[in-house]
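Novice: The sequence shown maps to residues 174 to 271 in this note's numbering. No residue lacks a Cβ here, since even glycine has one placed at the ideal position from N, Cα and C. Please read these numbers as outputs of a predicted model, since none were measured by experiment. For reference, the structure I am asking about is given below.
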Amino acid sequence: MTKNSEKGLSRTLDNEEQLEIITKRLKRAHGQMGAIIRMVEEGRSCEDVVMQMSAVGKAINTAAITLISASLKECIESEHSETEVITARLQKLFLSFA
Numbered sequence: 174m175t176k177n178s179e180k181g182l183s184r185t186l187d188n189e190e191q192l193e194i195i196t197k198r199l200k201r202a203h204g205q206m207g208a209i210i211r212m213v214e215e216g217r218s219c220e221d222v223v224m225q226m227s228a229v230g231k232a233i234n235t236a237a238i239t240l241i242s243a244s245l246k247e248c249i250e251s252e253h254s255e256t257e258v259i260t261a262r263l264q265k266l267f268l269s270f271a
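Have a look at this one:
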């Protein structure tokens, strides 16, 4: 039993295709972070390092937005959803990017 199921929360996402897309993007960002660390240790230019940091940030944000939008689709399609609760939770997620 996972932590989420122990707490009564749903799984991250039921759509396996979307999960694979999100996971690939996060793994790519993870690899980019290792490259950034090496760049800093090697004394690469500030411009190069910042550009790579920006790319990682965009990759992570895109993964998060993909996750939220896929989850939103699942919430909308659910027949047993509490609209007010789901709306509040999704607003909180979107505002975390503000």
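Looking at L199: is its Cβ nearer than 8 Å to the Cβ of A243?
Specialist: Not in contact: L199 and A243 (Cβ atoms no closer than 8 Å).
Novice: How about I233 and A202: are their beta carbons less than 8 Å apart?
Specialist: Result yes, Cβ atoms of I233 and A202 sit closer than 8 Å.
Novice: Using the three-state DSSP reduction, which class does C217 fall into: helix, strand or coil?
Specialist: It should be pointed out that residue 217 corresponds to Arg in this sequence rather than to Cys. Of the three classes helix, strand and coil, the one that applies to R217 here is coil, per DSSP.
Novice: Does the beta-carbon distance from L240 to L186 come in below 8 Å?
Specialist: Yes, they are a contact pair.
Novice: Starting from E164, trace the alpha helix (DSSP H) in both directions and tell me its first and last residue.
Specialist: Absent from the model: residue 164. The displayed extent of the chain is 174 to 271, so no value can be given.
Novice: Just to check my reading of the structure: V213 and V223 have Cβ atoms closer than 8 Å, yes? What is that Cβ distance to the nearest angstrom?
Specialist: Incorrect: roughly 11 Å between the Cβ atoms, too far for contact.
Novice: So, using beta-carbon positions, are Q205 and V229 closer together than 8 Å?
Specialist: Result yes, Cβ atoms of Q205 and V229 sit closer than 8 Å.
Novice: Count the other CB atoms within 10 Å of the CB of I195; is the residue buried (16 or more) or exposed (fewer)?
Specialist: Buried.
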